[in-house]
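Numbered per our numbering, the sequence shown spans residues 418 to 723.
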Amino acid sequence: MDILVRRGFWIILMILVGAALWAAFIPLDAAVPSNGTVIVDGRRKVVQHPRGGVIQEVLIREGEPVVEGDILIRLDSSAELANRSQAQSQLAAARFQSEALGEQLDSLRDLTDDGFYPRNQLIELERKYKESVVQQRALQYQILALNKDLERTAIRAPISGRVMGVGVNTPGAVVIAGAKLMEVVPNGDQISIEAQVRPYLADKVMPGASAQVRFSALQAVRTPVIQGTVEWISADRFLNPDDKSNPEGYFLAKVVVPPSELKKVDGFRVMPGMPAEVMIKTGERTFMQYLMKPFIDRIAVSVRER
């Protein structure tokens with residue numbers, strides 16, 4: 418029995434010594450945890466309308482893929498159709514008038530040369546004929562412009578990609594001229610994460626630091642860890658008065674994820690706006706240093722107070 422007790426004692430002692438050595442000498446990665454949001458770096462295009470109007474129909478939804486030229490939104494075109502119809506009627510009347518004046522001039526020129534028709538009246542008819550021709554050309558240009566206005570009532574995708582940030586979705590809503598309606602994010606661009614770093618941890622985050630990213634929204638048994646690199650961290654903190662849970666604000670860090678790392682999440686769609694958990698590596702320290710740091714900091718504060 419004594420032998421078993423001694424063996425148990427030595428085993429426990431060896432385990433404790435091993436744990437103490439591990440805690441004192443084996444370095445562990447120190448990291449800053451933060452929450453982030455997926456963004457896409459690329460030539461994203463803002464969809465706008467130069468004149469605005471009233472929405473008749475919204476043909477897309479958030480996150481849908483589109484091809485360049487696809488119609489995204491139709492605006493009410495009743496005013497453009499009415500203006501074009503009126504201009505076409507005026508053009509038809511101007512053509513009829515010019516044809517009638519042209520035939521009249523052809524028949525009166527010989528009579529004028531023979532002295533049977535007053536030349537001043539012929540000159541007046543020629544003036545009216547030229548005015549009708551000029552009016553025809555002006556109406557033709559007006560109809561071309563109205564056709565372009567009619568085409569603009571169909572708001573199309575400027576590039577192929579995926580629709581993000583749709584700000585309008587209700588028929589009858591008013592579109593303000595030049596207002597941002599949505600964005601089209603081109604396919605195949607680099608994924609980045611905008612991570613919110615707590616102010617008291619911001620000094621530990623440096624450009625070039627490695628980071629581990631997990632997309633917690635992916636429906637997977639085991640969420641893969643993706644490696645990224647910190648590209649920059651903001652020079653000042655951001656404050657959001659509406660966020661009562663985080664009154665101290667945050668520093669913004671951009672973590673770039675190379676396309677090769679995205680292969681780890683093949684089969685899943687990583688979309689802009691998706692939440693991400695980010696661990697930014699800040700160095701190495703032992704488990705013992707981790708445990709002792711609060712006590713050391715407290716002792717240092719106490720010494721300064723004295």
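Ideal Cβ placement from N, Cα and C applies to all residues, glycine included.
Sufficient close CB pairs (3 or more, under 8 Å) joining the region 588 to 599 to the region 546 to 554: no
Distance between Ser577 and Arg501 (C-alpha atoms, nearest Å): By one-based count along the sequence shown, residue 501 stands at place 84. By one-based count along the sequence shown, residue 577 stands at place 160. A straight line joining the alpha-carbon of Arg501 with that of Ser577 spans about 32 Å.
Whether Val449 touches Leu618 by CB criterion (7 Å): Reading the sequence shown from its first residue, position 32 is the one you call residue 449. Reading the sequence shown from its first residue, position 201 is the one you call residue 618. Yes, these two residues count as a Cβ contact at 7 Å.
Between the CA atoms of Pro588 and Ile643 - distance to the nearest angstrom: In the sequence shown, the residue the question calls residue 643 occupies position 226. In the sequence shown, the residue the question calls residue 588 occupies position 171. Answer to the nearest angstrom: the Cα atoms are 42 Å apart.
Rounded C-alpha distance that separates Arg478 from Ala626: For the purposes of this step, residue 478 is identified with residue 61 of the sequence shown, where counting begins at 1. For the purposes of this step, residue 626 is identified with residue 209 of the sequence shown, where counting begins at 1. Each residue's Cα considered, the two are about 37 Å apart.
First and last residue of the uninterrupted beta strand (DSSP E) at Arg491: Within the sequence shown, numbered from 1, the residue matching residue 491 stands at position 74. That run of the beta strand (DSSP E) goes 488 to 492.
Neighbourhood of Leu433 by C-beta, 6 Å cutoff - its chain only, sequence neighbours within 5 removed: Residue numbering aside, residue 433 sits at position 16 when the sequence shown is read from its first letter. For Leu433, where only same-chain residues beyond five positions count, there are no Cβ hits under 6 Å.
Ile488 vs Arg579 beta-carbon contact at 7 Å: Position 71 of the sequence shown, counted from the first residue, corresponds to residue 488. Position 162 of the sequence shown, counted from the first residue, corresponds to residue 579. Not a contact, by the Cβ cut-off of 7 Å.
Helix, strand or coil at Glu665 according to DSSP, with G and I counted as helix: Position 248 of the sequence shown, counting from 1, holds the residue named residue 665. Correct three-state label for Glu665: coil.
Coil, strand or helix - Arg615 by DSSP: Along the sequence shown, one-based indexing puts residue 615 at 198. Arg615: coil per DSSP, three-state reduction.
Per-residue burial, Ile697 [other beta carbons within 10 Å of its own, 16 or more giving buried]: Reading the sequence shown from its first residue, position 280 is the one you call residue 697. Its Cβ being crowded by 16 or more others within 10 Å, Ile697 is buried.
Burial state of Met599 (16 or more Cβ within 10 Å): For the purposes of this step, residue 599 is taken as the residue at position 182 of the sequence shown. Answer is buried; the Cβ neighbour count reaches 16.
Exposure label - Leu445; buried when at least 16 CB within 10 Å: For the purposes of this step, residue 445 is taken as residue 28 along the sequence shown, with counting starting at 1. Confidence at Leu445 is low in this model, with a pLDDT of 47, below 50, so the placement of that residue should be treated as unreliable; the coordinate-derived value is given next. Answer is exposed; the Cβ neighbour count stays below 16.
Backbone secondary structure at Val602 - three-state DSSP: As a first step, residue 602 must be located in the sequence shown, where it is residue number 185. DSSP places Val602 in strand when its eight states are reduced to three.
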